[in-house]
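In full-length UniProt numbering, the protein residues as written are 1 to 280. For reference, the structure is listed below as structure tokens.
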């Protein structure tokens, strides 16, 4: 998975006299252990020359990023060669690159990884702009296979434009253990809330923390999304939000708070500097 040494450590190498071996030899040692997280950890703890490259490879190994079929196949190959990875991978980052290559791969991620990453805790989904058609396929496939990720407690969306609000709700209700939801610059192309959404009201959704951030490009669309989310949470019979973090300007906070007052124990407000007089 990591055949090429990190460039950050090749730019300022340690001299031969100090290391006793060539820089390429040290990095080749680390690359040979790229699929063994325990061996990389041992290198980082015991050898100061290998600490930097080993830490970078551990970070990439424990927090994989999937954008194409190649990324997915590489991750599955690493898991087959080192089954211990299924116990240490706790975070998965899903990002879109282009519309043609992303649609199929995101539809099969839950099916191919659901029985492997049984201890996955954090799922990050980002960079699906302009109603990206791949996010709809991801929502539909996750509604069928997503419950295999029964340990996912944190779900984060960043720069995502859903085709409809139903695609968003069907995705978040696929994780029974969800406790933390972060929404950064999220909106919907269609502003219709279908009646079929109500079938999700009976599913329990107990959030310990909900973080909402604004969209600087489509202000009205993001405000509508947050207001609809608040209305959706009110209509659910078994839903609670204990900590709410809003990163919005002052005029819209009152509108967004109306839907999150029930069972709310802690409120955190953050205001951008640009919203104050003289702010940049």
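All residues carry an ideal CB built from backbone N, CA and C; glycine is no exception.
- Per DSSP, reduced to three states, the secondary structure at residue 182 is strand.
- Burial is judged here by how many other beta carbons sit within 10 angstroms of a residue's own beta carbon; residue 164 has at least 16 and is buried.
- Looking at the DSSP output, residue 124 shares a beta bridge with 93, 156.
- Within the same chain, and ignoring the five residues on either side of residue 153 in sequence, the residues whose Cβ sits closer than 7 Å to its Cβ are 121, 177, 178, 179, 180.
- Taking residue 209 as the centre and dropping the five residues before and after it, the same chain places the C-beta of 180, 243 closer than 6 Å to its C-beta, in chain order.
- Residue 187 and residue 92 have their C-alpha atoms roughly 22 Å apart.
- Collapsing the DSSP output to three states places residue 211 in a strand.
- Cβ atoms of residue 72 and residue 109 come within 8 Å of each other, at about 7 Å.
- Taking a contact as a CB-CB distance under 8 Å, the pair residue 149 and residue 175 counts as one, their CB atoms being some 6 Å apart.
- Annotated three-state conformation of residue 169 is helix, per DSSP.
- The residues 106, in chain order, have a CB closer than 6 Å to that of residue 138 in the same chain once the five nearest residues on each side in sequence are set aside.
- Residue 83 sits exposed, since fewer than 16 C-beta atoms from the chains shown fall within 10 Å of its C-beta.
- Residue nearest to residue 190 within the set 168, 52, 67 is 168 (criterion: CA-CA distance).
- When DSSP states are grouped into helix, strand and coil, residue 188 belongs to the strand group.
- Following the DSSP letters along the chain, one finds residue 69 inside the alpha helix (DSSP H) bounded by residues 69-81.
- Of the residues 64, 31, 67, the one whose Cα lies closest to the Cα of residue 52 is 31.
- For residue 162, the three-state secondary structure derived from DSSP is strand.
- As the crow flies, the alpha-carbon of residue 173 is around 7 Å from that of residue 205.
- Collapsing the DSSP output to three states places residue 264 in coil.
- The continuous stretches of alpha helix (DSSP H) do not include residue 33, and DSSP gives it neither H nor E.
- Looking only at 57, 49, 50, 47, the smallest Cα-Cα distance to residue 36 is reached by 57.
- Around the Cβ of residue 231, a 10 Å sphere holds fewer than 16 other Cβ atoms; the residue is exposed.
- Residue 62 carries a helical assignment under DSSP once its states are collapsed to helix, strand and coil.
- Straight-line measurement puts the Cα of residue 245 at about 23 Å from the Cα of residue 128.
- Spanning the alpha carbons of residue 117 and residue 89 requires a straight line of approximately 7 Å.
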